[in-house]
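Peer 1: Numbering (this note's numbering), first residue to last: 6 to 347.
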Amino acid sequence: MKNNYIIRPREASDLKDFVSLRRKVFGDDEGFIEFFDACFRDDYLDFLIVEDQDGSEVLQASLTQFDMGKLVVPEGKVSDIAGKSIEMSYAICTDPAARGKGYGSHITVYAREIAESSRKLSMLSPAEPSLINFYEPLEYKKFMYAEQGSVMASEHVDFEFSHLQTKVLTPQEYNNYRETILTNRVHIKLSEGALRFAAGLVAPYTSGSLPTLDAGSADWAGSAPGWEAESGAPDGSGFLLISDGAEPLAIAACEAAGADSLAAAELLTFSEDGGHKELGIAIAKALATRCGAQRCDYMMPSRFGSETSAALGMISASYEELAEIYSAATGECPPYMGFTFG
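#1: Are the beta-carbon atoms belonging to residue 86 and residue 74 less than 8 Å from one another?
#2: Do you know how far the Cα of residue 268 is from the Cα of residue 262?
#3: Under three-state DSSP, which class holds residue 79?
#4: Based on Cα-Cα distance, which residue from 274, 194, 35 and 309 lies nearest to residue 177?
#5: Would you check if the distance between the CB atom of residue 55 and the CB atom of residue 10 is smaller than 8 Å?
#6: Would you report the Cα separation of residue 28 and residue 315, rounded to the nearest angstrom?
#7: How far does the alpha helix (DSSP H) with residue 294 in it reach, from first residue to last?
#8: Once the 5 residues before and after residue 346 are set aside, which same chain residues still bring their CB inside 7 Å of it?
#9: Would you mind stating whether residue 317 and residue 130 have Cβ atoms separated by less than 8 Å?
#10: Using CA coordinates, which residue listed in 52, 155, 60 and 198 is at the minimum distance from residue 40?
#11: Following the continuous alpha helix (DSSP H) through residue 324, name the residue where it begins and the one where it ends.
#12: Would you kindly work out how many angstroms separate the C-alpha atoms of residue 328 and residue 271, rounded to a whole number?
#13: For a quick check, are the C-beta atoms of residue 69 and residue 51 less than 8 Å apart?
#14: Who are the Cβ neighbours of residue 14 in its own chain at under 8 Å, not counting the five residues just before and after it?
#15: Where does the unbroken alpha helix (DSSP H) through residue 159 begin, and where does it stop?
#16: How would you label residue 260, buried or exposed, when you count the other beta carbons within 10 angstroms and need 16 or more for buried?
#17: In angstroms, rounded to a whole number, what distance separates the CA positions of residue 332 and residue 280?
#18: Skipping 5 residues on each side, what residues in its chain have a beta carbon closer than 7 Å to that of residue 289?
#19: Relative to the ligand ZN, is the shortest distance from any of its heavy atoms to the C-beta of residue 110 smaller than 7 Å?
#20: As a quick exercise: from 282, 245 and 122, pick the residue whose alpha carbon is nearest that of residue 183.
#21: Going by Cα to Cα distance, which pick from 298, 282 and 33 is closest to residue 311?
#22: Are the CB atoms of residue 143 and residue 122 nearer to each other than 8 Å?
#23: Looking only at C-alpha atoms, which of 127, 175 and 8 sits nearest to residue 58?
#24: Using the C-alpha atoms, what's the distance from residue 44 back to residue 326?
#25: What distance in whole Å lies between the Cβ atoms of residue 330 and residue 5, which are believed to be in contact at a cut-off of 8 Å?
#26: Between the Cα of residue 188 and the Cα atoms of 275, 84 and 319, which residue gives the shortest distance?
#27: Should residue 298 and residue 241 be called a contact, given that it needs their Cβ atoms to be closer than 8 Å?
#28: In its own chain, which residues sit with a C-beta less than 7 Å from the C-beta of residue 146, not counting the 5 before and 5 after it?
#29: Report, in whole angstroms, the separation of the C-beta atoms of residue 76 and residue 23, which I expect to be a contact under 8 Å.
#30: When the Cα atoms are used, what is the spatial distance from residue 19 to residue 335?
#31: On the DSSP bridge list, what partners appear for residue 255?
#32: Could you say which of 104, 125 and 278 lies nearest to residue 341 if we only look at CA atoms?
#33: Can you give the beta carbon distance from residue 98 to residue 26, rounded, assuming they're within the 8 Å contact cut?
#34: Mind reading off the beta-carbon distance from residue 152 to residue 307? Whole number of angstroms is fine, and I expect it under 8 Å.
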């Protein structure tokens, strides 16, 4: 029997059912939904699939589309999609009772077409590798890559970290460092909403308080300033600038993921365009040790030719457009998405 449904934006009267669906599928509560709204303000839409069941609308699926930022392409490369805004399809979910009706693919294609109608790129980050095969027929291509891993805390690393120091950065300072590090790599420059959201995840806001984007900029030339006093949350969370006491080594967006673990949702080294894997792993181990965690989960950009990188970002562009900005030539850095917000 044909399903009688429509796809439409969420309205105020849908909040209760929307929260119920997100809680059922992802465990999100109303507080998280409100936090997301405060971060992105007018730069996102929730799309719903509602069925007509005996004259009543029943919510069956939803998708949140938000402004992730802009596609940055290194100098010397020319492409029609360079600089385009990216709409991220996020929290794609179907009520368990309605699965098998094709609602997940229908709402994903709908969101992609909405983005493309405004000359924007649509993007998504599959929660599981198996979902790549689901999204490829919907005109998404694997494009953004990263290294993900988990390391145990250890004082014994391949680098000298006896003078390792961390300094908490404002969101704007973090973003300035981030753009400098990723200059030679295709990447996404985060929107203000995405930056606020990331800041709230790594340093959860308190009631009535939301991370603000400081207008200051970070001066990273030469030695890193201000290392005479250690600063940072005792659990290692926040936007961090990491130094060996003489010069900056990396930046990281860290979150206390539990009583015994630390999550570096993003770790970028100042060397190798953000992707110095050995240095990144050593820093992850040291950070876990310093905050008393047993392990640190991390994500960082991939190197050329890496056999352990994962495709974390899929984008709605043609193969020709993507080849113009990333040809996988020897020494070329793979494109990097950044936060998956998973």
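Yeah, the Cβ is synthetic: ideal placement off N, Cα and C, and Gly gets one too. These numbers were taken from a predicted model, which means no experiment stands behind them.
Peer 2: The relevant details are as follows:
#1: One-based indexing of the sequence shown puts residue 86 at position 81. One-based indexing of the sequence shown puts residue 74 at position 69. Going by C-beta atoms, residue 86 is not nearer than 8 Å to residue 74.
#2: The sequence position of residue 262 within the sequence shown is 257, counting from 1. The sequence position of residue 268 within the sequence shown is 263, counting from 1. When rounded, the distance between both Cα atoms is 6 Å.
#3: Walking along the sequence shown from the start, residue 79 turns up at place 74. DSSP places residue 79 in the coil class of the three-state scheme, outside both helix and strand.
#4: In the sequence shown, residue 177 corresponds to position 172, counting from 1. It is 194 whose Cα lies nearest to the Cα of residue 177.
#5: Stepping through the sequence shown from its first residue, residue 55 is reached at position 50. Stepping through the sequence shown from its first residue, residue 10 is reached at position 5. Taking 8 Å as the Cβ cut-off, residue 55 and residue 10 qualify as a contacting pair.
#6: Here residue 28 is taken as the residue at index 23 of the sequence shown, counted from 1. Here residue 315 is taken as the residue at index 310 of the sequence shown, counted from 1. C-alpha separation (whole angstroms): 28 Å.
#7: Mapped onto the sequence shown, residue 294 falls at position 289. Element bounds for residue 294: 282–295.
#8: Sequence index remark: in the sequence shown, residue 346 carries index 341 (1-based). Within the same chain, residue 346 has close Cβ partners 95 and 202.
#9: Residue mapping note: residue 317 aligns to position 312 of the sequence shown, counting from 1. Residue mapping note: residue 130 aligns to position 125 of the sequence shown, counting from 1. Taking C-beta atoms as the reference points, residue 317 and residue 130 count as a pair closer than 8 Å.
#10: If you number the sequence shown from 1, residue 40 lands on position 35. The shortest C-alpha separation from residue 40 is found at 198.
#11: On the sequence shown, residue 324 is found 319 positions in, with the first residue counted as 1. Element bounds for residue 324: 324–330.
#12: The residue labelled residue 328 in the question sits at position 323 within the sequence shown. The residue labelled residue 271 in the question sits at position 266 within the sequence shown. Going by the C-alpha atoms only, they are around 26 Å apart.
#13: Within the sequence shown, the letter at position 64 stands for residue 69. Within the sequence shown, the letter at position 46 stands for residue 51. Contact: yes.
#14: In the sequence shown, the residue the question calls residue 14 occupies position 9. Same-chain partners within the cutoff: 50, 51, 52 and 53.
#15: For the purposes of this step, residue 159 is taken as residue 154 along the sequence shown, with counting starting at 1. Looking at the DSSP string, residue 159 is not in any alpha helix (DSSP H), and its letter there is neither H nor E.
#16: Taking the first residue of the sequence shown as position 1, residue 260 is located at position 255. By the neighbour-count rule (16 or more Cβ atoms within 10 Å), residue 260 is buried.
#17: For the purposes of this step, residue 332 is taken as the residue at position 327 of the sequence shown. For the purposes of this step, residue 280 is taken as the residue at position 275 of the sequence shown. Each residue's Cα considered, the two are about 18 Å apart.
#18: Start at 1 with the first residue of the sequence shown, and residue 289 comes out as number 284. So the qualifying residues of the chain are 156, 269, 272, 301 and 303.
#19: The ligand ZN is not part of the structure shown, which contains no ligands of any sort.
#20: Within the sequence shown, the letter at position 178 stands for residue 183. Minimum Cα distance to residue 183 is reached at 245.
#21: Looking up residue 311 in the sequence shown gives position 306. Minimum Cα distance to residue 311 is reached at 282.
#22: Position 138 of the sequence shown holds residue 143. Position 117 of the sequence shown holds residue 122. Against a cut-off of 8 Å, the Cβ pair of residue 122 and residue 143 comes out as no contact.
#23: By 1-based counting over the sequence shown, the position of residue 58 is 53. Of the candidates 127, 175 and 8, the residue whose Cα lies closest to the Cα of residue 58 is 8.
#24: Residue mapping note: residue 326 aligns to position 321 of the sequence shown, counting from 1. Residue mapping note: residue 44 aligns to position 39 of the sequence shown, counting from 1. So the alpha carbons of these two residues sit roughly 31 Å apart.
#25: This structure cannot settle anything about residue 5, because the visible part of the chain is limited to 6 through 347.
#26: On the sequence shown, residue 188 is found 183 positions in, with the first residue counted as 1. Among 275, 84 and 319, the Cα nearest to that of residue 188 belongs to 275.
#27: As a position in the sequence shown, residue 298 is number 293, starting the count at 1. As a position in the sequence shown, residue 241 is number 236, starting the count at 1. Yes, the pair counts as a contact, with Cβ atoms nearer than the cut-off.
#28: For this step, residue 146 is matched to residue 141 along the sequence shown. Cβ within range, chain order: 319, 320, 322, 324 and 327.
#29: To locate residue 76, count along the sequence shown from 1; it is residue 71. To locate residue 23, count along the sequence shown from 1; it is residue 18. Between residue 23 and residue 76 the Cβ distance is about 30 Å, and since that is not below 8 Å, they are no contact.
#30: For the purposes of this step, residue 19 is taken as residue 14 along the sequence shown, with counting starting at 1. For the purposes of this step, residue 335 is taken as residue 330 along the sequence shown, with counting starting at 1. Roughly 51 Å separates the two Cα atoms.
#31: The residue labelled residue 255 in the question sits at position 250 within the sequence shown. Per DSSP, 247 and 274.
#32: Residue 341 sits at position 336 when you count from the first residue of the sequence shown. Closest option to residue 341, Cα to Cα, is 278.
#33: Here residue 98 refers to the residue found at position 93 of the sequence shown. Here residue 26 refers to the residue found at position 21 of the sequence shown. With a Cβ gap of about 6 Å, residue 98 and residue 26 count as contacting.
#34: Taking the sequence shown and counting its residues from 1, one reaches residue 152 at position 147. Taking the sequence shown and counting its residues from 1, one reaches residue 307 at position 302. Correct: roughly 5 Å between the Cβ atoms.
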